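The next block holds one structure in the form of structure tokens; read it before the comments.
Numbering (this note's numbering), first residue to last: 2 to 771.
Below you can see the structure in the form of structure tokens.
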């Protein structure tokens with residue numbers, strides 16, 4: 002089990018809020034207030050003149066529709082190492098040229114390959130986001146037949162399944178039609194897909210029942226969904242018509258209410274309310290997804306949607322359409338970012354909000370790439386749509402030559418979050434692209450003015466990247482990253498981390514030299530627990546080499562440092578001190594005192610849920626090593642009662658299960674309770690739970706392990722079960738795991754502790770242990 006502190010920042014997922022519970026009295030007041038801005042007669046449907054406005058105007062950098070002569074150049078080949086720079090170029094410059102069209106085709110191809118890799122790794126949500134990101138790079142008229150190839154089929158298929166499962170018929174149909182174009186005419190695959198397309202279209206037609214508003218709203222949602230991913234004039238036209246018809250029917254209901262005070266039928270009320278509240282913004286968002294503020298403005302002026310648009314939003318849209326400054330676009334981006342984060346009351350589809358935010362952010366960035374506020378919005382969108390390697394380039398544009406400490410820290414934090422998102426799945430290819438694109442930021446962060454003042458620092462980003470490399474078993478790639486980090490930012494923790502890695506690789510003398518350097522750093526005095534960790538590592542190395550005297554000396558130093566720190570610092574420091582003290586006392590053979598230290602750690606952590614899960618695992622792990630069934634059950638029971646994370650509970654349950662089997666004890670129900678909750682999970686802990694309950698065999702568990710870390714975990718649990726059964730070869734298997742370079746993997750440490758030789762170390766007589 003790997004633990005890592007940084008989590009990814011994302012836009013919160015939202016679904017359209019239900020309006021069913023809105024009272025008829027409140028609706029009556031809404032209809033009345035909306036009527037104040039409406040004409041005395043029903044607004045006509047979208048005119049043919051209004052439709053003709055789509056795609057007719059060019060505004061700002063590169064908003065014009067490309068002509069057919071711009072498609073003569075073949076698609077540019079874009080490789081992974083050039084992907085970030087290519088997307089960055091497309092975002093910076095929107096003027097349509099044959100060269101840009103060719104580059105865009107190559108970028109979309111490469112992003113679809115990225116999406117395929119995510120689907121093949123079981124990352125269906127992220128794979129779908131990558132497909133959406135590829136298509137958001139396209140605007141009306143920019144689609145080319147060579148943007149997709151056979152490699153795109155897997156990505157499109159995966160996204161279709163995802164959207165179909167969610168009932169997102171518009172986006173599913175858009176991708177199915179693209180997918181169909183990639184299949185050979187007359188092939189069984191194409192015939193099968195065509196049957197699915199026909200079935201979906203028939204289902205969409207058959208389900209358009211109920212009142213006018215329900216039917217028109219369903220058509221509006223589907224047309225918008227299709228238009229978001231199929232950037233053609235035809236789909237944009239159809240979506241604009243659908244929105245206008247939906248809003249126009251609500252307007253007529255409102256006019257009837259004004260004359261007669263009669264509300265629409267109950268089943269029509271919710272959609273009528275939604276149309277009146279958000280119809281104008283919905284129409285505008287449809288065009289803003291393509292960065293077309295002027296067309297959005299003209300559509301509002303020509304359609305019913307304009308009559309229900311809030312004056313404040315209309316003014317901002319008008320400014321972006323006519324004045325067209327970076328600040329005008331930034332203000333629009335701010336409003337849509339708030340909606341994307343769930344703030345505000347507009348009942349707009351979350352996918353449309355996010356699509357509009359993407360288009361607005363790109364336009365704002367093109368007008369002022371040096372705006373940090375705009376850069377952060379666009380960077381977040383790139384991360385959400387699985388193009389995180391581009392975010393560092395966008396943010397570097399905005400920083401300038403000498404950014405403030407706060408600005409650079411914020412940018413470094415965004416990069417760290419992008420990297421950390423690759424950590425759980427060990428997606429080293431994406432992480433390497435992010436890290437490579439961050440090179441200018443790291444160079445800037447290492448300038449003298451920022452040394453020791455940034456959080457996270459360049460050194461911390463290198464250590465983070467090293468951790469990702471280690472999860473794949475890439476020791477040769479990880480070691481120089483850690484060494485480079487220590488050159489610019491020498492820390493006790495960093496040297497101990499590198500020493501641990503060298504110990505795992507068998508370089509014991511190098512490891513001892515590194516721990517000595519760690520203890521001699523000027524900062525060591527103020528970080529006694531970090532030094533204690535280094536001394537405990539010294540002890541383990543000397544113990545394993547049979548150097549009893551040197552092992553005793555290192556252990557005595559670790560004990561003194563830990564005892565001196567027990568009552569100082571935060572609750573997290575106190576828990577860490579008690580856990581470390583338990584390890585030291587166990588090394589002395591004082592299991593009773595060690596057990597009390599763990600119990601104190603659990604007692605402190607019980608008041609701080611964010612650290613309880615790790616503390617529970619520490620307690621159950623120690624109980625497994627020292628065969629203390631009562632302590633293991635008590636610790637896991639505490640975790641269950643406190644409802645700590647399911648991942649922590651699953652690992653704790655596995656360790657308790659192994660201990661119960663080793664001791665031949667009847668289970669007390671805790672393990673079964675945890676595993677039953679986890680067997681339906683699609684992730685790795687779900688596989689572990691099913692394996693533990695006999696629903697997957699050893700071969701199945703090995704096959705399910707997607708990352709190097711998961712493969713090591715699988716071998717640990719299979720070997721432990723063999724060891725419990727008394728199979729002699731199991732200890733040799735555990736020894737291989739104990740020597741593994743995954744230094745953050747708890748199973749590696751457990752294997753080391755289970756196989757560790759005993760030493761005859763004595764606590765100094767002058768030391769009083771609590």
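Positions of the beta carbon are idealized from the N, C-alpha and C atoms, including for glycine. Please read all numbers here as calculations on a predicted model, not as lab measurements.
Simplified DSSP assignment, three categories, for residue i
{"i": "residue 98", "result": "coil"}
{"i": "residue 732", "result": "helix"}
{"i": "residue 274", "result": "helix"}
{"i": "residue 226", "result": "helix"}
{"i": "residue 268", "result": "helix"}
{"i": "residue 197", "result": "helix"}
{"i": "residue 141", "result": "coil"}
{"i": "residue 262", "result": "coil"}
{"i": "residue 589", "result": "helix"}
{"i": "residue 579", "result": "helix"}
{"i": "residue 449", "result": "helix"}
{"i": "residue 249", "result": "helix"}
{"i": "residue 79", "result": "coil"}
{"i": "residue 162", "result": "helix"}
{"i": "residue 763", "result": "coil"}
{"i": "residue 704", "result": "helix"}
{"i": "residue 343", "result": "coil"}
{"i": "residue 382", "result": "helix"}
{"i": "residue 323", "result": "helix"}
{"i": "residue 120", "result": "helix"}
Minimum Cβ-Cβ distance from residue i to chain D less than 8 Å
{"i": "residue 661", "result": "No chain D is part of this structure, which consists of one protein chain only."}
Nearest residue (CA-CA) to residue i, options the options
{"i": "residue 251", "options": "236, 190, 309 and 302", "result": "309"}
{"i": "residue 533", "options": "582, 110, 553 and 492", "result": "582"}
{"i": "residue 281", "options": "205, 620, 290 and 314", "result": "314"}
{"i": "residue 391", "options": "402, 376 and 597", "result": "376"}
{"i": "residue 216", "options": "198, 231, 244 and 189", "result": "244"}
{"i": "residue 736", "options": "746, 757, 744 and 745", "result": "757"}
{"i": "residue 341", "options": "480, 487, 359 and 476", "result": "359"}
{"i": "residue 506", "options": "742, 755, 178 and 242", "result": "742"}
{"i": "residue 596", "options": "611, 610, 626 and 612", "result": "626"}
{"i": "residue 80", "options": "434, 303 and 178", "result": "434"}
{"i": "residue 463", "options": "442, 449, 147 and 474", "result": "442"}
Contacts around residue i, its chain only, beta-carbon distance under 8 Å, and the 5 residues preceding and following it disregarded
{"i": "residue 800", "result": "The requested residue 800 is not part of the displayed model; the chain covers only 2 to 771."}
{"i": "residue 497", "result": "515, 516, 519, 531, 534, 535 and 538"}
{"i": "residue 10", "result": "Since pLDDT at residue 10 reaches only 28, below the 50 mark, its modelled position is unreliable, and no value is offered."}
{"i": "residue 723", "result": "730, 731 and 734"}
{"i": "residue 176", "result": "132, 157, 160, 161, 164 and 230"}
{"i": "residue 513", "result": "500, 539 and 542"}
{"i": "residue 89", "result": "391, 394 and 395"}
{"i": "residue 525", "result": "493, 519, 531 and 532"}
{"i": "residue 697", "result": "688, 691 and 705"}
{"i": "residue 91", "result": "101, 104, 105, 108 and 138"}
Close-in-space but distant-in-sequence residues of the same chain around residue i (CB under 6 Å, 5 per side omitted)
{"i": "residue 431", "result": "423"}
{"i": "residue 286", "result": "353 and 357"}
{"i": "residue 764", "result": "589"}
{"i": "residue 24", "result": "Only weak support is given to the placement of residue 24: the predicted model assigns it a pLDDT of 28, under 50, and the question is left unresolved by the model."}
{"i": "residue 265", "result": "254 and 273"}
{"i": "residue 140", "result": "232 and 291"}
{"i": "residue 460", "result": "486, 489 and 490"}
Expected contact under 8 Å - CB spacing of residue i and residue j to nearest Å
{"i": "residue 637", "j": "residue 653", "result": "5 Å"}
{"i": "residue 87", "j": "residue 74", "result": "Not really, about 14 Å apart at Cβ, beyond 8 Å."}
{"i": "residue 247", "j": "residue 200", "result": "Not confirmed; about 25 Å, so no contact."}
{"i": "residue 214", "j": "residue 170", "result": "The pair is not a contact, with the Cβ atoms about 18 Å apart (cut-off 8 Å)."}
{"i": "residue 369", "j": "residue 327", "result": "3 Å"}
{"i": "residue 409", "j": "residue 455", "result": "6 Å"}
{"i": "residue 399", "j": "residue 373", "result": "4 Å"}
{"i": "residue 579", "j": "residue 561", "result": "The Cβ separation is near 16 Å, so there is no contact."}
{"i": "residue 632", "j": "residue 658", "result": "Going by Cβ atoms, the distance from residue 632 to residue 658 rounds to 15 Å, so no, they are not a contact pair."}
Contacting residues, own chain, Cβ-Cβ under 7 Å from residue i (five flanking each side not counted)
{"i": "residue 668", "result": "661"}
{"i": "residue 152", "result": "113, 114 and 117"}
{"i": "residue 185", "result": "191"}
Notebook entry, point to check: Per the contact definition of three or more C-beta pairs closer than 8 Å, is the segment 545 to 557 in contact with the segment 720 to 735?
Noted result: Short answer: they don't touch.
Check: On the three-pair Cβ rule with 8 Å, is the segment 615 to 625 touching the segment 743 to 752?
Finding: As far as the Cβ criterion goes, the segment 615 to 625 touches the segment 743 to 752, which means the pair count is three or higher.
Check: Are three or more beta carbon pairs between the segment 272 to 281 and the segment 247 to 262 nearer than 8 Å?
Finding: When C-beta atoms of the segment 272 to 281 are compared with those of the segment 247 to 262, three or more pairs fall below 8 Å, so the two segments count as touching.
Next item on the list: Count the CB pairs spanning the segment 336 to 344 and the segment 363 to 375 that are closer than 8 Å, and state whether there are at least three.
Entry: The segment 336 to 344 is not in contact with the segment 363 to 375.
Margin query: Check whether the segment 570 to 577 and the segment 600 to 610 are in contact - that is, three or more C-beta pairs closer than 8 Å.
Written below: Taking 8 Å as the limit for Cβ pairs, the verdict is that the segment 600 to 610 does touch the segment 570 to 577.
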